[in-house]
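Here is the structure we will look at.
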Amino acid sequence: YQKIFYMQNDFLNFQKKIDVDSVLDLLKEKFETTGQNLTKTSHEKDRYLHLLEENLYQLGNISNAMRCLNEGYNKEINSLILNALNSQKDQIRLELNEALEHHKSIIGTSHGKVLQFEASVAIVNNDELENFLLANLLSYFGIESTCFKNLSFDVNDFHLIFIKDKILNENVKKNYDFIVMGRHKNTHYEYFLTLPFEKKDLENILQNKLDKVCTLKFKTPYQNNVLLFKQNDFDATLFFNIIEKQCDKNVCINSFSQLKQELSKETYRLILLDYELIKFDLEQMRNLLSAYKKQHPQSHIIFFSKEKVGDFDCVSEVLSDVSRNDLITLLRKYLPKA
Numbered sequence: 232y233q234k235i236f237y238m239q240n241d242f243l244n245f246q247k248k249i250d251v252d253s254v255l256d257l258l259k260e261k262f263e264t265t266g267q268n269l270t271k272t273s274h275e276k277d278r279y280l281h282l283l284e285e286n287l288y289q290l291g292n293i294s295n296a297m298r299c300l301n302e303g304y305n306k307e308i309n310s311l312i313l314n315a316l317n318s319q320k321d322q323i324r325l326e327l328n329e330a331l332e333h334h335k336s337i338i339g340t341s342h343g344k345v346l347q348f349e350a351s352v353a354i355v356n357n358d359e360l361e362n363f364l365l366a367n368l369l370s371y372f373g374i375e376s377t378c379f380k381n382l383s384f385d386v387n388d389f390h391l392i393f394i395k396d397k398i399l400n401e402n403v404k405k406n407y408d409f410i411v412m413g414r415h416k417n418t419h420y421e422y423f424l425t426l427p428f429e430k431k432d433l434e435n436i437l438q439n440k441l442d443k444v445c446t447l448k449f450k451t452p453y454q455n456n457v458l459l460f461k462q463n464d465f466d467a468t469l470f471f472n473i474i475e476k477q478c479d480k481n482v483c484i485n486s487f488s489q490l491k492q493e494l495s496k497e498t499y500r501l502i503l504l505d506y507e508l509i510k511f512d513l514e515q516m517r518n519l520l521s522a523y524k525k526q527h528p529q530s531h532i533i534f535f536s537k538e539k540v541g542d543f544d545c546v547s548e549v550l551s552d553v554s555r556n557d558l559i560t561l562l563r564k565y566l567p568k569a
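Numbering (the numbering used here), first residue to last: 232 to 569.
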């Protein structure tokens with residue numbers, strides 16, 4: 232019996248050992264599984280927060296773009312969309328524990344003088360919405376810009392190059408004096424424009440960079456006004472009514488003497504001319520318009536013509552058939568704050 236008792240006791244001790252080892256293995260497995268789940272949850276949370284931040288940034292860009300468009304003929308719909316966007320932005324900011332922002336235009340209203348630069352700028356970026364916002368800001372300072380998706384152009388053709396940090400990191404031309412744009416401030420670059428855009432930050436960069444390479448001057452804020460010269464009275468009336476709904480202080484003329492008079496005394500953001508009216512005195516008109524464009528580089532001259540137009544370097548665009556919608560699109564293109 233004693234031998235049997237010892238055997239039973241050894242068996243029970245062995246069983247306890249097995250149970251303990253099993254429990255330890257089970258606990259170890261549970262800890263590992265829990266650790267993996269926590270890591271996965273952490274990654275998912277980081278990814279979720281990243282998506283929230285990205286959505287907030289894009290919603291902000293869309294809101295600012297709509298404020299730049301400022302469609303006067305449909306303010307009610309414009310206001311409804313902006314309110315919906317702002318509500319979405321506020322909800323995301325609450326999720327991110329960020330302070331609610333004061334909704335305002337990236338350009339704002341200027342009551343004083345605005346620094347104007349006679350310069351051309353290239354924007355290298357594959358985000359069209361960011362390009363639109365930056366181009367709109369640059370036009371506020373009188374600067375014309377051209378957008379590219381890569382550095383496939385001659386950088387010497389422009390006074391300044393704005394480039395997205397991700398594109399620059401993939402390119403070999405890193406030694407050029409670029410102005411780098413990005414979501415996160417990088418002190419490695421001397422001039423860095425943090426996104427989303429702020430007018431004051433851009434103004435400081437322009438003043439530091441351009442005062443050494445091109446003429447700068449102070450002007451009152453550039454008006455969005457149009458000078459129209461059409462051959463057909465019916466078309467002139469139709470076009471002018473559309474123009475008047477988009478911007479103020481426009482003039483419709485019907486003679487060469489009026490054209491010369493207006494160009495000599497007034498600065499127009501957009502000049503719309505029928506080529507038929509000026510082609511019989513091309514040399515004089517070429518000299519007149521070229522001199523005007525040189526004096527006012529922020530102005531744009533558009534020809535309406537169904538035939539091929541000769542050498543006019545001062546002309547921004549030549550259009551053949553222009554519908555009502557085409558004209559509205561044209562005005563929004565060259566009058567960014569219309």
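Even for Gly, the Cβ is constructed at its ideal location relative to N, Cα and C.
Would L550 pass as a contact of F535 if the rule is Cβ separation under 7 Å? yes
Can you tell me whether E475 is helix, strand or coil according to DSSP? helix
Less than 7 Å separating the beta-carbons of G413 and D432? no
Spell out the partners DSSP gives C483 in its beta bridges. L459
Can you tell which of L519, T468 and Q477 has its C-alpha closest to the C-alpha of L201? No answer is possible for residue 201: it lies beyond the span of the chain, which begins at 232 and ends at 569.
I'd like the list of long-range same chain contacts for I374, defined as Cβ closer than 6 Å, with 5 residues on each side in sequence excluded. F348, A350 and V352
Could you tell me which of S488, I392 and H419 sits nearest to D408, measuring between CA atoms? I392
Whole angstroms is fine: what's the gap from L426's alpha carbon to V386's? 23 Å
Expected contact under 8 Å - CB spacing of V540 and Y506 to nearest Å: 6 Å
Segment contact, 8 Å Cβ cut-off, at least three pairs: the region 522 to 531 with the region 478 to 492: no
Alpha-carbon spacing of N356 relative to L382, whole angstroms: 10 Å
Helix or strand or just coil, what does DSSP make of D505? strand
Any heavy atom of the ligand NAD closer than 6 Å to the CB of I394? With respect to the ligand NAD, the structure offers nothing, as it holds no ligand at all.
Straight-line CA distance for H527 to Y371? 14 Å
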